[in-house]
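Structure representation (structure tokens):
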């Protein structure tokens, strides 16, 4: 029973990790909390749903299209709402981000209506036996596998490609990176593209996992993705993965005792980290530069 | 005067208190708070319960509501505002939703049914007396050393600290003061509408207040006042023109926030330097 709860936690946590990656990558480069990220997640779920129900696509193709769509949305948001504000005070892009989030959420409410939709994907609901008493559904296995593949892919991209190197350089020092011939605007666009694609994938996976998609679905997962990013150390990519998994497990175990306030657990975690170790588990303390 | 107009005038007054108090936190001190409506709700529930269950006189209940909102502001502000960065925005976002959840689940708050049968004490005179007091006290604060510290923190936190301002304490102070005024507005709201439920004080209301401040002018008390008046009266006007438009209100707020930040970050009233470009001499 306990082991099964841990497994549930890992499944949920891997989706938080995917969301957290989007927050942490953008924060690492722009020091901006991208509030619209939760709506990118919601949009990803809707695109996946439309591909599966309206166009009768197989699930893997729908997932890829949803990721591409989210990617496009993320890049567009950056170009329209954040880029013109890159030189203004801290609070201006934050307010703009909130504006984008509100706009997307309510546009989806008007277009799709407030009702919760099912996400009909036909998987053989076989369960796999691990050891004597632990059962894992094929759906959980699928979500874990896809999350792991995406995260390994991301790790490869960041550490083995030139683009990844440019991203790391930009995160470290924007001006120095620019002097080294890195095109900052392109790096920022790519960061949004990758983060949004992962967020969109998380949206589809959660939509399938809980068999529900609605315009407000991004709110709490978005918040929890951010908590996971802070837990791991904001700006730190392995931290976001670790933070997501830990948060998922904590939440599932916590929900056993206080199911009514399930969503409050992540929030309590946030307050505790901020009090005890604001740099997060894997984050380093950075001196503020003048 | 027609009672419909009196009602709009009264609601405008309550919204003015909300907008100028959020302006203290977001406009003057530069900290984005996304749960201003939650503080309003805490004030409304505390004042109502104090008056209904304990029989405390209304004026005292109003102040109790404001104090309890300030107390919650302190609890949220201490862990999040001691740090650099924008943790406040996300912490307040979460706090607002959790408080709504708690209000929906507690028995004493009436759950989703809310609280009914609140006596009507607030009228247009009481509200505008409060508006006057709030704006007067805010002006006094902003002309004091404390207010100047708030602005210094907004302009450059590091430089403010170098000048010997304890930035953490002043940020918390601004946030607690903002919550106090919002709690007062909440009490006035409860004693005016005579019925409250958790959905009156949700995230959407917080965004509405933020839109008022951004529209009128961040860091400008009279700008916030003007923004509150416009955003209260305009939907009423539009509703009489076409009920469909009212549905699109939230979409409009979203576009408004983005567009104002890009084209006119100083808001309608302008003139202040909140949004001056980084690296420019003040």
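Protein chains in written order, with my numbering: chain A, 187 to 476; chain B, 2 to 283.
Glycine residues also receive a C-beta, built at the ideal position from the N, C-alpha and C atoms.
Three-way DSSP call (helix, strand, coil) for residue i in this model
{"i": "residue 116 (chain B)", "result": "strand"}
{"i": "residue 375 (chain A)", "result": "helix"}
{"i": "residue 446 (chain A)", "result": "helix"}
{"i": "residue 334 (chain A)", "result": "helix"}
{"i": "residue 256 (chain B)", "result": "helix"}
{"i": "residue 157 (chain A)", "result": "For chain A, the structure presents residues 187 to 476; residue 157 (chain A) sits outside this window and is missing."}
{"i": "residue 1 (chain B)", "result": "Because chain B is modelled from 2 through 283, residue 1 (chain B) falls outside the range shown and cannot be assessed."}
{"i": "residue 133 (chain A)", "result": "Any question about residue 133 (chain A) goes unanswered here, given that chain A covers just 187 to 476."}
{"i": "residue 288 (chain A)", "result": "helix"}
{"i": "residue 463 (chain A)", "result": "coil"}
{"i": "residue 267 (chain B)", "result": "coil"}
{"i": "residue 41 (chain B)", "result": "helix"}
{"i": "residue 4 (chain B)", "result": "helix"}
{"i": "residue 410 (chain A)", "result": "helix"}
{"i": "residue 366 (chain A)", "result": "coil"}
{"i": "residue 102 (chain B)", "result": "helix"}
{"i": "residue 192 (chain A)", "result": "helix"}
{"i": "residue 55 (chain B)", "result": "coil"}
Opening and closing residue of the alpha helix (DSSP H) in which residue i lies
{"i": "residue 353 (chain A)", "result": "348-358"}
{"i": "residue 108 (chain B)", "result": "Per DSSP, residue 108 (chain B) belongs to no alpha helix (DSSP H) and is neither H nor E."}
{"i": "residue 227 (chain A)", "result": "223-239"}
{"i": "residue 29 (chain B)", "result": "Taken as a continuous stretch (DSSP letters only), residue 29 (chain B) belongs to no alpha helix (DSSP H), as it is neither H nor E."}
{"i": "residue 234 (chain B)", "result": "222-242"}
{"i": "residue 257 (chain A)", "result": "245-263"}
{"i": "residue 131 (chain B)", "result": "125-143"}
{"i": "residue 213 (chain B)", "result": "204-217"}
{"i": "residue 160 (chain B)", "result": "158-163"}
Per DSSP, cross-strand counterpart(s) of residue i
{"i": "residue 322 (chain A)", "result": "A:314"}
{"i": "residue 399 (chain A)", "result": "A:303"}
{"i": "residue 197 (chain B)", "result": "B:116"}
Proximity test, Cβ basis, 7 Å: residue i and chain A
{"i": "residue 87 (chain B)", "result": "yes"}
{"i": "residue 154 (chain B)", "result": "no"}
{"i": "residue 28 (chain B)", "result": "no"}
{"i": "residue 163 (chain B)", "result": "no"}
{"i": "residue 90 (chain B)", "result": "yes"}
{"i": "residue 232 (chain B)", "result": "no"}
CB contact check: residue i to chain B, cutoff 7 Å
{"i": "residue 446 (chain A)", "result": "yes"}
{"i": "residue 378 (chain A)", "result": "no"}
{"i": "residue 267 (chain A)", "result": "yes"}
{"i": "residue 381 (chain A)", "result": "no"}
{"i": "residue 285 (chain A)", "result": "yes"}
{"i": "residue 282 (chain A)", "result": "yes"}
{"i": "residue 232 (chain A)", "result": "no"}
{"i": "residue 461 (chain A)", "result": "yes"}
{"i": "residue 300 (chain A)", "result": "no"}
{"i": "residue 401 (chain A)", "result": "no"}
{"i": "residue 271 (chain A)", "result": "yes"}
{"i": "residue 194 (chain A)", "result": "no"}
{"i": "residue 289 (chain A)", "result": "yes"}
{"i": "residue 409 (chain A)", "result": "yes"}
Option nearest residue i by Cα separation, candidates the options
{"i": "residue 213 (chain A)", "options": "A:356, A:335 and A:342", "result": "A:356"}
{"i": "residue 248 (chain B)", "options": "A:403, A:295 and A:248", "result": "A:295"}
{"i": "residue 251 (chain A)", "options": "A:195, A:272, A:377 and A:229", "result": "A:229"}
{"i": "residue 34 (chain B)", "options": "B:44, B:16, B:65 and B:96", "result": "B:96"}
{"i": "residue 183 (chain B)", "options": "B:24, B:10, B:7 and B:5", "result": "B:24"}
{"i": "residue 418 (chain A)", "options": "A:429, A:408, A:409 and A:412", "result": "A:429"}
{"i": "residue 189 (chain B)", "options": "B:64, B:22 and B:221", "result": "B:64"}
{"i": "residue 32 (chain B)", "options": "B:205, B:166 and B:93", "result": "B:93"}
{"i": "residue 131 (chain B)", "options": "B:6, B:258, B:29 and B:14", "result": "B:14"}
{"i": "residue 228 (chain B)", "options": "B:16, B:6, B:8 and B:69", "result": "B:16"}
{"i": "residue 200 (chain A)", "options": "A:462, A:385 and A:455", "result": "A:385"}
{"i": "residue 234 (chain A)", "options": "A:390, A:415, A:195 and A:421", "result": "A:390"}
{"i": "residue 211 (chain B)", "options": "A:239, A:282 and A:267", "result": "A:282"}
{"i": "residue 54 (chain B)", "options": "B:151, B:120, B:91 and B:176", "result": "B:120"}
Determine which residues of the segment 93-110 of chain B have a Cβ less than 8 Å from any Cβ of chain D, and write them out in chain order.
The structure shown contains no chain D; its protein chains are A and B.
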